[in-house]
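Enquirer: For reference, the structure I am asking about is given below.
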Amino acid sequence: MMTDAFSTYHPMVNFLYFTLVLLFSMFFMHPVCLGISLLGAFSYNVYIKGKKAVSFSFKYMLPLLIATALINPAFNHEGGTILTYLRDGNPLTLESITYGIAAATMFITVIFWFSCYNAVMTSDKFVYLFGRIIPALSLVLSMALRFVPRFRAQLKVVSNAQKCVGRDVSNGSLLQRAKHGIKILSIMVTWALENAIETADSMRSRGYGLPGRTAFSIYRFDSRDKRAMVFLILCGSYILLGSILGGLYFRYFPTMKGVRFNAYSASLFLCYMALCILPVIINLREDRKWEALQSKI
Amino acid sequence: MKIPKNKVLITLTIVAILVFTYWWGGNAPGLRGWKPSPPTPVAPPISTPAPEDILNSGEQEPSQSDVVEAKDDETSEEEMSKKPKESAVEKAPASRPGAEKDRPLTADEKLALAATLAGGKSSKGVEKGSAEYSKKQGMAINENTGKDKYLTDPVPEGKPIPVEPEDAVISDEAKTCTLSVRCDTILDNIDWLDPEKVELVPEDGVIFPITEVTFYEGESVFNVLHREMKQNKIHMEFQNTPMYNSAYIQGINNLYEFDCGELSGWMYKVNGWFPNYGCSRYQLKEGDVVEWVYTCDLGVDVGGYYSVSGE
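Just so you know, the protein sequences line up as chains W and G, in that order. Counting in the working numbering, the first sequence runs from 2 upward without gaps. Counting in the working numbering, the second sequence runs from 525 upward without gaps.
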């Protein structure tokens, strides 16, 4: 498995990157922007998760895309280009179909980005960033984000233990199984509640959130992070400015119309492309460097 | 317990920012264009139209004279809504009805706003329904509510009662009526319109010119509109509303309801009368003149506003 070089960057860089990319993906509905963002999110996701990401996207994301693209024209009949009429008498328009596809693309792109976010922004990074400013909230957030995976792991432990004494959901008749299931559920709920209180107590006993308390961290803001930060800020503000000035304008209704393609809009798209593809490029460069170093030895 | 100073400071800052954004976002009562008192319709104590209105409204001549009348209404309406532009904030109806609010208006607010625009009176030519007449014609009116089962008030004397589309028998006897679709009220209020849609408004406001069209006996206004729009490749979207047992026309030519202010939408009149029921329930007769008009303020500008305060 390849290591993700981008997640070894300073948490601030990671967080800024995901904030920018997620916001841009949610708000830029220009088809080119959507395509760029989808490409970036998908490739990074594949880089991080490998084959699993590909199968996930084909098993769940593709049907989602198709379903959303089909559902939109069933309810939305706006648009200047009438293709045909639906059975209930309302028009089926080209604009509603394209908008459906665009909205679906945006949706799955954001899901991909969040999936990358979860892999890169681990809870220690999050607490490192926000533990000082909003201690209580960041602890709650990181506990909440970690809850589901932890709950699943613990469920496995409890279930296995119950299996040993013949009281798992796989033992006995249907009624007994249901009983065992409820018992396990009750154990899990008790564990979760107790665990939350224990975590909170433990953090308090360590003086979490008290003024003057320092925390050990392995993160260092070095020149590599500085370069990435400068790039993100410049790139992000250029794109933001461009979108505010209408350089990424595109409308779907009543007829599709967007900014004319010229050097300026091309520069915006290029910039956006650079932003979205950044982690993959960093990773590939790092991989090549690593291989070069290896072969020398 | 000792409270650290900076904690208090942070709390105060957050509260200050929230208060600031609340005012800045226009949610403060004084900034909404309303007086802090609730925006209940002040004007309409008289529910029945004044005597001269009744005289005027007696029998309506179809089309021509009515169009002129509606035009008159528009211009006076224009003046009314233009004046407050200068003193934007204090007066209730500012440039666009309800434009000062960030959120959509509620139905009650819209009614109140339209009542202030119309001065509390129904438009000229809009008569109150006559329960006696409607019952005689065969309309099943509920004694308690005074409406039929699809919430329709009695129709005025001399007007046709609604015919449910499922009961209508459509024969193949071809007849003719006149159909037109206009949106010239938008031209007067073009700055209220969604900027993306300005290009859709024809220069003269006529989307579908006055045309003799064929229909088959038993068909409704909706049937004719739907067929003609389809034939002429004009976009039209409707929604069937079971509550009123009729189709509701959401948009024609991509000009939708609420596109030109929050009180805007499509209305229809037949022989100069705005029926008080949906277009699927109006059965056409030979020679009927059907006009679809776009209103920017709940019918006040096209002369089809019903004052509801009488109920």
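Beta carbons are placed, not taken as given, at the ideal position from N, Cα and C, and that holds for glycine. These numbers come from a predicted model, not from an experiment.
1. As a quick exercise: from W:Pro64, W:Ser266 and W:Leu279, pick the residue whose alpha carbon is nearest that of W:Leu40.
2. Residue ranges of each alpha helix (DSSP H) run of no fewer than 4 residues wholly in the stretch 172-227 of chain W, ordered along the chain?
3. Have a look at W:Phe25, W:Ile67 and W:Phe7 and flag the residue whose alpha-carbon is nearest the alpha-carbon of W:Ile49.
4. Figure out for me which residue from G:Trp548, G:Lys673, G:Asp677 and G:Lys660 has the closest Cα to the Cα of G:Ser831.
5. Would you check if the distance between the CB atom of W:Leu285 and the CB atom of W:Tyr209 is smaller than 8 Å?
6. Please go through the same chain and pick out, in chain order, the residues whose beta-carbon is closer than 8 Å to the beta-carbon of W:Tyr265, but skip the five residues on each side of it.
7. Taking the alpha-carbon of G:Val814 as reference, which of G:Ser704, G:Pro766 and G:Gly682 has the nearest alpha-carbon?
8. Check for me: the alpha helix (DSSP H) holding W:Tyr118 runs from which residue to which?
9. Per DSSP, G:Ser770 forms a beta bridge with which residues?
10. Using a threshold of 8 Å, state whether the C-beta atoms of G:Pro785 and G:Cys820 are closer than that.
11. Mind pulling the chain W residues with CB within less than 7 Å of G:Lys754?
12. Are there 16 or more other CB atoms within 10 angstroms of the CB of G:Ile731, so buried, or fewer, so exposed?
13. Taking the Cβ atom as the reference point for each residue, do W:Leu175 and W:Met107 lie within a distance shorter than 8 Å?
14. For chain G, is any of its Cβ atoms less than 8 Å away from the one on W:Ile245?
15. Might you give, ordered along the chain, the residues of its own chain that have their beta carbon closer than 6 Å to the beta carbon of G:Asp596, omitting 5 neighbours on each side?
16. CA-CA distance, W:Ala137 and W:Gly213?
17. Do you know whose CA, among W:Ser56, W:Leu130 and W:Phe148, lies nearest W:Tyr220's CA?
18. With 8 Å as the threshold, decide whether the Cβ of G:Gly729 is near any Cβ in chain W.
19. Pick out whichever of G:Val745, G:Asn747 and G:Glu752 has its Cα sitting closest to the Cα of G:Pro733.
20. Please report the residue range of the alpha helix (DSSP H) in which G:Lys660 lies.
21. Within 10 angstroms of the Cβ of G:Val650, are there 16 or more other Cβ atoms? Answer buried if so, exposed if not.
22. Rounded to whole angstroms, what's the CA-CA distance from G:Pro528 to G:Thr535? Just pull it up for me.
23. Have a look at W:Ile134, W:Leu156, W:Ile98 and W:Gly173 and flag the residue whose alpha-carbon is nearest the alpha-carbon of G:Asn530.
24. Where does the unbroken alpha helix (DSSP H) through W:Pro74 begin, and where does it stop?
25. Any idea what DSSP makes of W:Gly243, helix, strand or coil?
26. On the premise that W:Ser38 lies in contact with W:Phe25, defined as a C-beta separation below 8 Å, what is that separation, rounded to the nearest angstrom?
27. Between the beta-carbon of W:Leu95 and the beta-carbon of W:Leu87, is there less than 8 Å?
28. Can you give me the Cβ contacts of W:His181 inside the same chain, cut-off strictly under 8 Å, excluding the 5 residues immediately before and after it?
29. Going by the DSSP bridge assignment, what does W:Ala162 pair with across the sheet?
30. Would you say W:Arg252 faces chain G, with C-beta separation under 8 Å as the test?
31. So, does the CB of G:Lys699 fall closer than 8 Å to a CB anywhere in chain W?
32. Considering only the alpha carbon of each residue, which of W:Asp223, W:Ala54 and W:Pro92 lies closest to W:Tyr10?
33. Of the residues that make up the stretch 771-788 of chain G, which ones have a beta carbon closer than 9 Å to any beta carbon in chain W?
34. Residues of chain W with CB under 7 Å from G:Lys721, in chain order?
35. W:Met13 lies in the alpha helix (DSSP H); which residues open and close that run?
36. What would DSSP say about G:Lys793, mapped onto helix, strand or coil?
Expert: Walking through what the data contain:
1. W:Leu279
2. 175-206
3. W:Ile49 has its Cα closest to that of W:Phe7, out of W:Phe25, W:Ile67 and W:Phe7.
4. G:Asp677
5. no
6. Within the same chain, Gly243 and Gly248 come within 8 Å of W:Tyr265 by CB-CB distance, once the 5 residues on both sides are set aside.
7. G:Ser704
8. Leu95 to Val121
9. G:Thr765
10. Here residue 785 of chain G is Gly; the residue named in the question, Pro, does not match the sequence. Yes, the pair counts as a contact, with Cβ atoms nearer than the cut-off.
11. Tyr86
12. Burial state of G:Ile731 is buried, judged by a 10 Å Cβ sphere holding 16 or more other Cβ atoms.
13. no
14. no
15. With a pLDDT of 41 at G:Asp596, under the threshold of 50, the modelled position of that residue is not reliable, and the figure given next carries that caveat. Closer than 6 Å at Cβ, skipping near neighbours: no residue.
16. 16 Å
17. W:Leu130
18. no
19. Among G:Val745, G:Asn747 and G:Glu752, the Cα nearest to that of G:Pro733 is on G:Glu752.
20. Ala655 to Gln661
21. buried
22. 11 Å
23. For G:Asn530, the closest of W:Ile134, W:Leu156, W:Ile98 and W:Gly173 by C-alpha to C-alpha distance is W:Ile134.
24. Leu63 to Phe76
25. helix
26. Sure, about 7 Å apart at Cβ, within 8 Å.
27. no
28. Gln163, Arg168, Asp169, Val170, Asn172 and Gly173
29. W:Ala162 is not bridged to any residue.
30. yes
31. no
32. W:Asp223
33. Ala771, Gln774, Gly775, Asn777, Asn778, Leu779 and Tyr780
34. Within chain W, the residues near G:Lys721 are Pro255.
35. Pro12 to Phe28
36. strand
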